[in-house]
Amino acid sequence: MSVRPYLAGAALALCLSGFSAPAVPAAPAAAAPDAAAIRQALQEHPEIVLDILRDNSETLLDIVQQGADQRRRQALRRQWEDDRRNEKRVTLEGRPSRGPQDAPVTLVAFSDFTCAYCQQAAFTVENLLKRYPGKIRYVYKEAVASEQGRLGARWFLAASRQDEARAWRLYALLFDAQERFMADPQAVLTELSVTAGLDPKAIAADLRANGKAYDEIIDADAADAKRLGFVGTPYFLVDNMVIRGALPLETFIDAVELALAK
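Below, the structure is given as structure tokens:
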């Protein structure tokens, strides 16, 4: 009996045997040759494996990606179990925040207005907050890496003292206009503050009078990040659970659900 009708599925199944993914459906047991025959045929005709992989390249990539995503989520869950047993203390007083003070979950960001990954993560966090209204307190901590980032941080801190709700509008506008901000920081900060309903002259005056206090907050946030071993941005704490980088919304949802379940 010829085994060639079964080689396509067998070749793909053998190639994917190292991945955690659904197996290729097998032919009915009564009609299928044994595994040894299939393996021998593939060894004699290895070109069949390459042909099948080419014909199913998109399916193969999808399965590999699914397997990688599954392993990453499992690794994160193991990490989070360790995280939850080790309390991470960070200073939240005086930092811009939104959401109820007594929300069951606290999400802390270490971020930078000049970081492209932080921009991406900010949009993800916005969707997360919409998904869990009233259940998350979001606190923003500065982790700046440049003078432009420090200027944006100081401006946002001063804006939050002037009007916290409007300061969060400025936060969103700054991330939206990140490239423009980096090209001409002061002009764009002034423009966006007006758009957000803030008084840029009052913010500038506050920074002249209290700039040292704002720098101390920024430096303290950097010290918190260093003590926790955070290198680069963004980093997040969902209660004690660490999320590194601009990961998908599903990752943040997993962490929030674990925090709510505790």
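Read in our numbering, the sequence shown has 706 at position 49, and its numbers run on one by one without any break. Cβ coordinates follow ideal geometry from the N, Cα and C atoms, glycine included. Remember, it's a predicted structure, so these values are computed and weren't measured experimentally.
Just checking my contact of Ala855 with Arg823 at CB under 8 Å: how many whole Å lie between their CB atoms? According to the sequence provided, residue 855 is Leu. The question's Ala does not apply to it. Indeed they touch by this definition, with Cβ atoms about 5 Å apart.
Three-pair Cβ contact test at 8 Å for the region 730-743 versus the region 802-812: no
Taking all protein chains shown into account, decide if Asp911 is buried (16 or more other Cβ within 10 angstroms of its Cβ) or exposed. buried
Bridge partners for Phe767 per DSSP, in chain order? Lys798 and Tyr892
Which of the three DSSP states, helix, strand or coil, is assigned to Arg735? helix
Who pairs with Ile793 in a beta bridge, going by DSSP? Val762
Under the rule that 16 or more other beta-carbon atoms within 10 Å means buried, what is Val765, buried or exposed? buried
Below 8 Å between beta carbons: does that hold for Ala815 and Tyr871? yes
Can you check DSSP and say which residues form a bridge with Ile900? Phe893
Through-space distance from Glu873 to Thr781, alpha-carbon basis: 29 Å
Out of Glu914, Pro857, Ala800 and Leu894, which one is the CA nearest neighbour of Glu744? Leu894
Just grab the DSSP bridge partners of Arg930 for me. Coverage of the chain is limited to positions 658 through 919, which leaves residue 930 absent and any answer about it impossible.
Taking contact to mean 3 or more Cβ pairs, one atom from each stretch, closer than 8 Å, check whether the region 770-788 and the region 881-898 are in contact. yes
Is it true that the CB of Ile900 sits closer than 8 Å to the CB of Phe909? yes
Identify, in the order they occur along the chain, each residue of the same chain with its Cβ nearer than 8 Å to the Cβ of Gly791, setting aside the five sequence neighbours on each side. Gly756, Pro757 and Ala760
Under the three-state reduction of DSSP, which class applies to Phe887: helix, strand or coil? coil
Straight-line CA distance for Ala829 to Asp896? 23 Å
Taking Phe767 and Lys798 to be in contact with their CB atoms under 8 Å, please state how far apart those CB atoms are, rounded to whole angstroms. 5 Å
Measuring alpha carbon to alpha carbon, tell me which residue in Ala694, Ala882 and Leu906 is nearest Thr748. Ala882
So, at 8 Å on beta carbons, what are the nonlocal neighbours of Trp812 in its own chain, with the 5 sequence-adjacent residues on each side left out? Leu827, Leu846, Ser850, Ile860 and Leu864
Would you report the Cα separation of Arg746 and Asp876, rounded to the nearest angstrom? 16 Å
Output yes or no for whether 8 Å exceeds the beta carbon distance between Ala903 and Ala778. yes
DSSP three-state label for Asp863, please. helix
Beta-carbon within less than 8 Å of Ala840's beta-carbon, same chain only, minus the 5 sequence neighbours each way: which residues are those? none
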